[in-house]
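S.K.: Sharing a structure below in structure tokens format, with a few things to ask.
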Amino acid sequence: APNALLGIWIGPGAKSANDDHVDAKVDYLVGGGNLSVTLAASHPDLSVPVDLPTNPRVFTSKWRRMSVNYVLGRGPWTFSSRAGYNIVRLWRVQDWWYQNDPNKAPLINGMRNIKYISYPGLTAVRGESHVRSRHPTYMAEQHVGYLRGTHSYKFGGTLYLPSGGNPDTDAG
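Per the working numbering, residue 6 is the first one in the sequence shown, and the count goes up by one each step.
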């Protein structure tokens with residue numbers, strides 16, 4: 006209504022999200038114990054309009070997780086083994102990051118980008134390129150348990166090899 010005191014501001018574009026996902030698990034009895042294999046895979050993505058409709062911030066991910074477990078029980082003893090793999094990659098990019106200054110020599114993609122101008126009342130055009138988890142994480146566990154009366158004793162260890170770093174670059 007023309008005389009309304011309230012209004013709705015609609016930003017530069019619509020937000021969109023998508024996810025392709027699959028989970029799978031197989032259990033099998035082997036040697037009196039239970040062997041299970043689990044797999045999860047996903048490709049979630051998100052597009053968020055930040056500054057301009059033509060320069061959305063786009064999040065693209067690739068998730069992979071797999072584990073193999075074996076559990077065996079013999080009398081008061083239990084034995085458990087597990088090995089796993091996990092990678093969660095994230096790319097967060099704005100297209101303006103790839104726009105290059107024609108007055109500078111090309112070195113590395115994003116390293117001669119066009120800087121933005123900003124002052125009150127102006128929406129600044131920004132560029133960004135951010136990548137996380139370039140390498141997978143690996144894990145292995147071995148546990149032995151013993152049950153005696155009302156007490157349970159558990160011994161074991163875990164080997165954990167985390168992914169290497171989260172490189173981050175930002176053009177502003």
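Quick reminder that beta carbons are idealized off the backbone N, C-alpha and C, glycines included.
Which class does D50 belong to by DSSP, given the choice of helix, strand or coil?
M.R.: Working through the sequence shown from its first residue, we reach residue 50 at position 45. Residue state, collapsed to three classes: strand.
S.K.: Name the DSSP beta bridge partners of R2, please?
M.R.: Residue coverage of the chain in this structure runs from 6 to 177, which leaves residue 2 outside it and unanswerable.
S.K.: What did DSSP end up calling S100 once you bin it into helix, strand or coil?
M.R.: In the sequence shown, the residue the question calls residue 100 occupies position 95. Note on residue identity: the sequence assigns Asp, not Ser, to residue 100. D100 falls in the helix class under three-state DSSP.
S.K.: Measuring CB atoms only, is the segment 88-104 touching the segment 144-156, in the sense that at least three cross pairs come out at less than 8 Å?
M.R.: Verdict: yes, contact present.
S.K.: As a quick exercise: from Y75, G18, S52 and V53, pick the residue whose alpha carbon is nearest that of G36.
M.R.: Walking along the sequence shown from the start, residue 36 turns up at place 31. It is Y75 whose Cα lies nearest to the Cα of G36.
S.K.: Smallest Cα separation from N39: which of G161, S86 and K159?
M.R.: Translated into the one-based positions of the sequence shown, residue 39 becomes position 34. With distances taken between Cα atoms, N39 lies closest to S86.
S.K.: Run the CB neighbour count on P61, radius 10 Å, all protein chains shown included, and call it buried at 16 or more, exposed below.
M.R.: Within the sequence shown, numbered from 1, the residue matching residue 61 stands at position 56. Buried, because 16 or more other Cβ atoms sit within 10 Å of the Cβ of P61.
S.K.: Report the three-state DSSP secondary structure of D32 (helix, strand or coil).
M.R.: Sequence index remark: in the sequence shown, residue 32 carries index 27 (1-based). Strand at D32.
S.K.: DSSP on S138, reduced to helix/strand/coil?
M.R.: Position 133 of the sequence shown, counted from the first residue, corresponds to residue 138. Coil at S138, not helix or strand.
S.K.: For a test of the three-state rule: what should DSSP assign to N8, helix, strand or coil?
M.R.: Translated into positions along the sequence shown, residue 8 becomes position 3. In this structure, N8 counts as coil in the three-state DSSP scheme.
S.K.: To the nearest angstrom, how far is it from the Cα of P54 to the Cα of A19?
M.R.: The count along the sequence shown starts at 1 and reaches residue 54 at position 49. The count along the sequence shown starts at 1 and reaches residue 19 at position 14. Approximately 7 Å between the Cα atoms of the pair.
S.K.: Suppose you measure from the CA of A22 to the CA of P49; what does that come to, to the nearest Å?
M.R.: Residue mapping note: residue 22 aligns to position 17 of the sequence shown, counting from 1. Residue mapping note: residue 49 aligns to position 44 of the sequence shown, counting from 1. A22 and P49: Cα-Cα distance of roughly 8 Å.
S.K.: Using 10 angstroms around the beta-carbon of W82, count the other beta-carbons present and answer buried if the total reaches 16, otherwise exposed.
M.R.: For the purposes of this step, residue 82 is taken as the residue at position 77 of the sequence shown. Exposed: under 16 other Cβ atoms inside 10 Å.
S.K.: Would you mind sorting S138 into buried or exposed? The rule is 16 or more other CB atoms within 10 Å of its CB.
M.R.: In the sequence shown, counting from the first residue as 1, residue 138 sits at position 133. With 16 or more other Cβ atoms within 10 Å, it is buried.
S.K.: Under three-state DSSP, which class holds T179?
M.R.: With the chain represented from 6 up to 177, any question about residue 179 goes unanswered, as that position is not in the structure.
S.K.: Give me the Cα-Cα distance between H148 and S72, rounded to the nearest whole angstrom.
M.R.: As a first step, residue 148 is located in the sequence shown; it is residue number 143 there, counting from the start. As a first step, residue 72 is located in the sequence shown; it is residue number 67 there, counting from the start. So the alpha carbons of these two residues sit roughly 16 Å apart.
S.K.: I need the straight-line Cα distance from K109 to L95, nearest angstrom please.
M.R.: On the sequence shown, residue 109 is found 104 positions in, with the first residue counted as 1. On the sequence shown, residue 95 is found 90 positions in, with the first residue counted as 1. Whole-angstrom Cα-Cα distance: 29 Å.
S.K.: Could you give the DSSP three-state label for P172: helix, strand or coil?
M.R.: As a position in the sequence shown, residue 172 is number 167, starting the count at 1. Model confidence at P172 stands at a pLDDT of 43, short of 50, so the residue's coordinates are unreliable; what they give is reported in the following sentence. Correct three-state label for P172: coil.
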